[in-house]
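Before any comments, here is the structure.
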Amino acid sequence: MAETLAEAVSRRRTFAIIAHPDAGKTTLTEKLLLFGGAIQLAGEVKAKKDRIQTRSDWMKIERERGISVVTSVMTFEYADKVFNILDTPGHEDFADDTYRTLTAVDAAIMVIDAAKGIEPRTLKLFEVCRMRDIPIITFINKMDRESRDIFEILDEVEEKLALDTAPITWPIGRSKSFCGSYQLATNKVRGPDSEEAVTVNGPQAVADRLPENERAAFVDEVELAREACRPFDRQAFLEGHMTPVFFGSALRNFGVRDLINALADFAPPPRDQVADIRTVHAAEEKMTAFVFKIQANMDPNHRDRIAFARICSGKLERGMKARLARTGKQLGLTAPQFFFASQRHIADTAFAGDVVGIPNHGTLRIGDTLTEGENLVFQGVPNFSPEILRRVRLEDAMKAKKLKEALQQMAEEGVVQLFSPEDGSPAIVGVVGALQLDVLKERLSAEYSLPVSFEMSRFSVCRWVSCDDKAELEKFVTVKRGDIARDLDGDPVFLAQDSFSLRYESERYPAIKMAAIKEYH
Ligand code: GDP
1 MAETLAEAVS
11 RRRTFAIIAH
21 PDAGKTTLTE
31 KLLLFGGAIQ
41 LAGEVKAKKD
51 RIQTRSDWMK
61 IERERGISVV
71 TSVMTFEYAD
81 KVFNILDTPG
91 HEDFADDTYR
101 TLTAVDAAIM
111 VIDAAKGIEP
121 RTLKLFEVCR
131 MRDIPIITFI
141 NKMDRESRDI
151 FEILDEVEEK
161 LALDTAPITW
171 PIGRSKSFCG
181 SYQLATNKVR
191 GPDSEEAVTV
201 NGPQAVADRL
211 PENERAAFVD
221 EVELAREACR
231 PFDRQAFLEG
241 HMTPVFFGSA
251 LRNFGVRDLI
261 NALADFAPPP
271 RDQVADIRTV
281 HAAEEKMTAF
291 VFKIQANMDP
301 NHRDRIAFAR
311 ICSGKLERGM
321 KARLARTGKQ
331 LGLTAPQFFF
341 ASQRHIADTA
351 FAGDVVGIPN
361 HGTLRIGDTL
371 TEGENLVFQG
381 VPNFSPEILR
391 RVRLEDAMKA
401 KKLKEALQQM
411 AEEGVVQLFS
421 PEDGSPAIVG
431 VVGALQLDVL
441 KERLSAEYSL
451 PVSFEMSRFS
461 VCRWVSCDDK
471 AELEKFVTVK
481 RGDIARDLDG
491 DPVFLAQDSF
501 SLRYESERYP
511 AIKMAAIKEY
521 H
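Everything in the sequence shown is counted per the numbering used here, starting at 1 for the first residue and increasing by one.
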């Protein structure tokens, strides 16, 4: 019998992996894909990092610095579930991209290096997840190496993240003696991930897998963990108050199967999404989606632009028409794409929870809503006020028009933000991290043959301004004309020399709201 829409939707698990660089995100992603048969050999994801063949010229930066700049999605099936992993850039200079990606997931795996505990990026990313109450599964990685005391790590998660922990498994052995996981509630044991879990008669029954001097400690720890740790409460997990904890070694194939089973069993199916006029439920008949990421020139042979859209409800069928909320125009979805590790395929159907790539020539922007006709707009894809503002200096002044077009495109993709001053002076670009400027420079040169450099601007801070009283806002914009610019959507921003003058002006104009985050709408 054909699968109903509700059944198809409930099988979806859409998640991201959050981690401090080096904790093992790439290795874990690779192992998850391996489980799902999405890749044949471990090493494909890794190879992405070292690949000699250029996907596009600007990715040279990524290769040279060994960082992952692009966000992409990878889909695989396992145990009758469809998993969509949304990859996020590891480097904090691309944090805005990561935050937007997190708006498109229903759950996250938090990878912690067992020797290091909670690191700064983990904390930051966790906070973003908390803002949206995204349920988090914790994976303590690198148990095959020297690690910190397990209870200490759990305490640290509880304290630093204010998150209750519920260890589901306990590591059997540490470092060299690490040989598997022990399921606290069920007395099941699993060695390497290829093995099925087997039920044993208590921790004593597996202690002989360990060197003699570690056996008693293991049995004691399991007993203590059972007594002292909280039992897993799925509701608390779904609300973002509790995290189930797993231990393993992504590199040595331990604990990954426990983790993927947890995603299948505990992680939520596609969540409801808040739109301006109502909340949209995932199993509704009609298709709705929003764009959280634009990526250009993924394939150097086709100068294409892919909009990554998270489907929020219903079913997307190839060839269907969708209404683009921003313009009210119809858009034909003739070639939506799915991504399996390094390959992409045309998708005939996709369901709520899935992420599809929609090729387009600039029609779609970050934050865009697509529907089957209903006039609604999803809320909550954030735009962060840039930390760095620069003017772009062109070496060949004859190419000013071309530069303007190129900057507009880069801004639409979310590579940089673009602000056009009201007084007609040259545009200002804004970025959250300095590496984004490098990407801009590289791409302008490689894709548009526009060699540029950057100049300091007299501004260093910018805020979106709004006011309940439209006349008041207009007055402010007129009076401050020399310090006002428009963003890509034509919304006004106030540019300030420094945070001191920003504070001064916001005190002088209390009715004007100055926002550091703008939600696309
Ligand atoms: P990412 O920066 O979070 O994507 O981290 P990677 O997956 O690239 O891993 C960083 C380094 O840690 C690499 O050298 C991996 O081989 C290594 N690594 C990852 N997982 C494990 C593990 O479970 N055990 C050990 N010993 N090393 C690991």
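Here a beta-carbon is modelled for each residue, glycine too, at the ideal position from N, C-alpha and C.
| query | result |
| --- | --- |
| If we count the other Cβ atoms within 10 Å of its Cβ and call it buried at 16 or more, is L33 buried or exposed? | buried |
| Starting from the C-beta of P120, find all residues in its chain whose C-beta is less than 6 Å away, skip the five residues before and the five after it, and write them out in chain order. | none |
| Tell me the start and end of each unbroken beta strand (DSSP E) in the region 202 to 264 that is at least 3 residues and wholly inside, in chain order. | 242 to 247 |
| Grouping DSSP H, G and I as helix and E and B as strand, with all else coil, what is K470? | helix |
| Which of the three DSSP states is assigned to V415 in this structure? | coil |
| Using a threshold of 7 Å, state whether the C-beta atoms of V206 and I172 are closer than that. | yes |
| Assuming A104 and F292 make a contact with CB atoms under 8 Å, what is their CB distance in whole Å? | 5 Å |
| Who are the near neighbours of S460 in its chain, counting only those whose CB is closer than 7 Å to its CB and skipping five residues on each side? | L389, Q497 and D498 |
| Given a cut-off of 7 Å on the beta-carbon distance, is the pair F266 and G255 in contact? | no |
| By how many angstroms is the C-alpha of R365 removed from the C-alpha of K401? | 21 Å |
| For C129, which of helix, strand or coil comes out of DSSP? | helix |
| In terms of alpha-carbon separation, which member of I428, F308, L376 and A197 lies closest to L394? | I428 |
| Hey, is the region 476 to 484 in contact with the region 421 to 435, meaning 3+ C-beta pairs nearer than 8 Å? | yes |
| Comparing C-alpha positions only, which one of I118, R174 and S147 sits nearest to L163? | I118 |
| Can the beta-carbon of S147 be found closer than 7 Å to that of A115? | yes |
| Roughly how many angstroms separate the alpha carbons of I277 and V377, rounded to a whole number? | 8 Å |
| Starting from Q436 and walking both ways along the alpha helix (DSSP H), at which residues does that stretch end? | A434 to Y448 |
| Comparing alpha-carbon positions, which option in E372, E442, K441 and T98 lies nearest A19? | T98 |
| For H91, count neighbouring Cβ atoms within 10 angstroms of its own Cβ and tell me buried if that reaches 16, exposed if not. | buried |
| Which two residues bound the contiguous beta strand (DSSP E) that contains K321? | K321 to L324 |
| Since V9 and A352 should fall inside the 8 Å C-beta cutoff, what is the C-beta to C-beta distance between them, to a whole number of angstroms? | 5 Å |
| Which residue comes first and which comes last in the beta strand (DSSP E) that contains K518? | I517 to E519 |
| Nearest to R12 by alpha carbon, out of A282, A322 and P382? | A282 |
| Among F15, R145 and M131, whose alpha-carbon lies nearest the alpha-carbon of M76? | According to the sequence displayed, residue 76 carries Phe and not Met. When only C-alpha atoms are compared, the closest one is F15. |
| For V198, tell me which candidate among L184, L210 and N383 has the shortest Cα-Cα distance. | L184 |
| Closer than 6 Å to a non-hydrogen atom of the ligand GDP - does that hold for the CB of N141? | yes |
| Express the C-alpha separation of V465 and P382 in angstroms, rounding to a whole number. | 15 Å |
| DSSP three-state label for S147, please. | coil |
| What are the complete beta strand (DSSP E) segments, minimum 3 residues, inside the region 351 to 422? | 355 to 360, 369 to 371, 382 to 384, 388 to 394 and 417 to 421 |
| Does the distance from the CB of L331 to the CB of A322 come in under 7 Å? | yes |
| Out of curiosity, what's the CA-to-CA distance linking D258 and Q295? | 33 Å |
| Could you have a look at G36 and say whether DSSP puts it in helix, strand or coil? | coil |
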